[in-house]
Structures are given as structure tokens and as C-alpha cells.
Amino acid sequence: DVKVTQSSRYLVKRTGEKVFLECVQDMDHENMFWYRQDPGLGLRLIYFSYDVKMKEKGDIPEGYSVSREKKERFSLILESASTNQTSMYLCASSLYGGRAQPQHFGDGTRLSIL
Amino acid sequence: AQRVTQPEKLLSVFKGAPVELKCNYSYSGSPELFWYVQYSRQRLQLLLRHISRESIKGFTADLNKGETSFHLKKPFAQEEDSAMYYCALKTGGYQKVTFGTGTKLQVIP
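In order, the protein sequence lines correspond to chains A and B. First residue of the first sequence? That's 1 in the numbering used here, and the numbers climb one at a time after it. First residue of the second sequence? That's 1001 in the numbering used here, and the numbers climb one at a time after it.
Here you go:
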């Protein structure tokens, strides 16, 4: 069974801090994704990566960056945290190619910026 | 641009009643559609995909290209079906997936 592990379930940071959210998957998936989940807005894609050192902007990349140095690990970075980045962050992974490959999600990190 | 619309934020039904969660998409090519479910305090997980054409936990969904819809149906709702449901669209060989805003299903005992 695919395991996607996010390093923290809850995180509290202060405005202006640099914040790192880590995600690791154990199924050798090529694709990894970062979403934020907000009530009434669903899941919105921040960034995704289809290979090591490759990244693509999603729908809401402003204020975020990502790093993928190893295939199994995908990090989301909040360069200077702001209160409007308080949210639930979900990491996902999937196989590249093939028809209708599903995404596998982590438990999420609930981030509060004070 | 591709888009997924789930018009209902909340759907309340009585136990044993039929359920239909609506999903419409906008995409001119050949879509790949999914339903994901998130039960309380659990991770988001795949419920079913249109290519499988299978019933999962009594739920089915048929892709209607003419109406650009992929509605999720179950003939008799159970209390354990209460959850948040998301419709998702993947297009062609592109790896990005677009999610709808979700519908919360509440099954009343």
C-alpha cells in the first residue's frame, strides 16, 4: 500500500518566518503534488513535480516554493509566512503515465500562521 | 482552461434514500475523471475512476460526455457514507489534476 508521510500534523509559526513542510512517499512515484485545502474552495494546486529537480507551478504558487532533490521527497517552502497562508496542506503522489493513475494523499499538515 | 464544478456544498439525505452528488467539467478533449472521498479525521482517498466502471461501496459514476458530467450515485445511503466528496479531472497526458470545491454528504439516521 502506498504511504505518503507528511512530517507534521500541526504546525504553528509566526508571520515572516520561513516555513518548511516535508513530504515523503515510499512507492517510487514520479509525480508529487502540494495542495492547500480550504473550506468552500476545495483543493487548490500550489506546485507539482514530475521528476527530481523538476517543478511546475500550479494554480496558486505565489508566496511558495518547492524543492525535489530526491525522488521520494518533496518539500514546500513558505518564504515569508503570512496569515493568509493559514490552511490545511496536503501532499500527494502518483505514477507518471498510464491511464487514470490516481493520486495518493498524506494525512495533511494544519498550518497556523500567527 | 479545465474546470470542475460541484454545485452543492452540502447534501443532506435520510438513511436509505438515494444519493446523487453532481459533478460537471469543462474540457474539450478526452477526460479522465475521479471521485475522491475524505471521511472524518481520515486522509483523502480515491473512491472510483471512470475507466474502472465499477461499483465501490455501492457508489457508481457514469461519464456523460454529451452533458460533460460525472455524477456520483448510490441507491440507498448509509450513515457511514457521511463524508466530503471531491470530483477531479485529469486531462490527456498532462499530470495536473483539477479538483472541484467538494460536497459534504450528511446522511441523517
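All C-beta atoms in this analysis are idealised placements derived from N, C-alpha and C, irrespective of residue type, glycine included.
**OP:** Give the residues of chain B in contact with Arg99(A), contact being defined as C-beta atoms less than 8 Å apart.
**Re:** Glu1032 and Ile1051
Subject >> CA-to-CA distance, Val19(A) to Glu30(A), given in whole angstroms >> reply: 24 Å
**OP:** Specify the secondary structure class of Thr1103(B) as computed by DSSP and reduced to three states.
**Re:** Here Thr1103(B) sits in strand by DSSP.
Original post:
So, using beta-carbon positions, are Asp1062(B) and Val1019(B) closer together than 8 Å?
Top reply: In this structure, Val1019(B) does not lie closer than 8 Å to Asp1062(B) by Cβ.
Original post:
Between Gly1066(B) and Glu1032(B), what straight-line distance do the alpha-carbon atoms span, to the nearest angstrom?
Top reply: 15 Å
Original post:
So which of Tyr1025(B), Gln1006(B) and Phe1014(B) has the shortest CA-CA distance to Lys1090(B)?
Top reply: Tyr1025(B)
Original post:
Taking any Cβ of chain B, which residues in the region 28-55 of chain A have a Cβ under 7 Å from it, in chain order?
Top reply: Asn31, Gly40, Leu41, Gly42, Leu43, Leu45, Phe48 and Tyr50
**OP:** Mind checking the region 77-110 of chain A against chain B and listing, in chain order, the residues whose C-beta falls within less than 9 Å of any C-beta there?
**Re:** Leu90, Ala92, Ser94, Tyr96, Gly97, Arg99, Ala100, Gln101, Pro102, Gln103, His104, Phe105, Gly106, Asp107 and Gly108
Subject >> Within 8 Å, strictly: CB atoms of Ser49(A) and Val66(A) >> reply: yes
Subject >> Three-state secondary structure (DSSP) of Thr1098(B) >> reply: It is a strand residue.
Original post:
How many angstroms separate the CA atom of Val12(A) from the CA atom of Tyr47(A)?
Top reply: 22 Å
Original post:
In terms of DSSP beta bridges, what is Glu17(A) paired with?
Top reply: Glu17(A) is not bridged to any residue.
Original post:
What is the rounded straight-line gap between the Cα of Asn84(A) and the Cα of Gly16(A)?
Top reply: 12 Å
Subject >> Short CB-CB distance (under 8 Å) between Tyr1085(B) and chain A >> reply: no
Subject >> Length at least 4, wholly inside the region 55-94 of chain A: the alpha helix (DSSP H) runs in chain order >> reply: none
**OP:** Could you have a look at Glu1079(B) and say whether DSSP puts it in helix, strand or coil?
**Re:** helix
**OP:** Please check if any C-beta of chain A sits within less than 8 Å of the C-beta of Gly1029(B).
**Re:** no
Original post:
In three-state DSSP terms, what is Gln1042(B)?
Top reply: coil
Original post:
What are the boundary residues of the beta strand (DSSP E) that Arg110(A) is part of?
Top reply: Thr109 to Ile113
**OP:** Could you tell me whether the Cβ of Leu1046(B) comes closer than 8 Å to any Cβ of chain A?
**Re:** yes
**OP:** Compare the C-beta of Gln1003(B) with all C-beta atoms of chain A and state if any pair is closer than 8 Å.
**Re:** According to the sequence displayed, residue 1003(B) carries Arg and not Gln. Arg1003(B) does not count as touching chain A.
Subject >> Delimiting residues of the beta strand (DSSP E) encompassing Arg44(A) >> reply: Gly42 to Ser49
**OP:** Using a cut-off of 8 Å between C-beta atoms, extract the partners of Thr1101(B) located in chain A.
**Re:** Here the neighbours are Gly40, Leu41 and Gly42.
**OP:** Identify the contact partners of Val1107(B) in chain A, using a Cβ-Cβ distance below 8 Å as the criterion.
**Re:** Those within 8 Å of Val1107(B) in chain A number zero; the least Cβ separation is about 20 Å.
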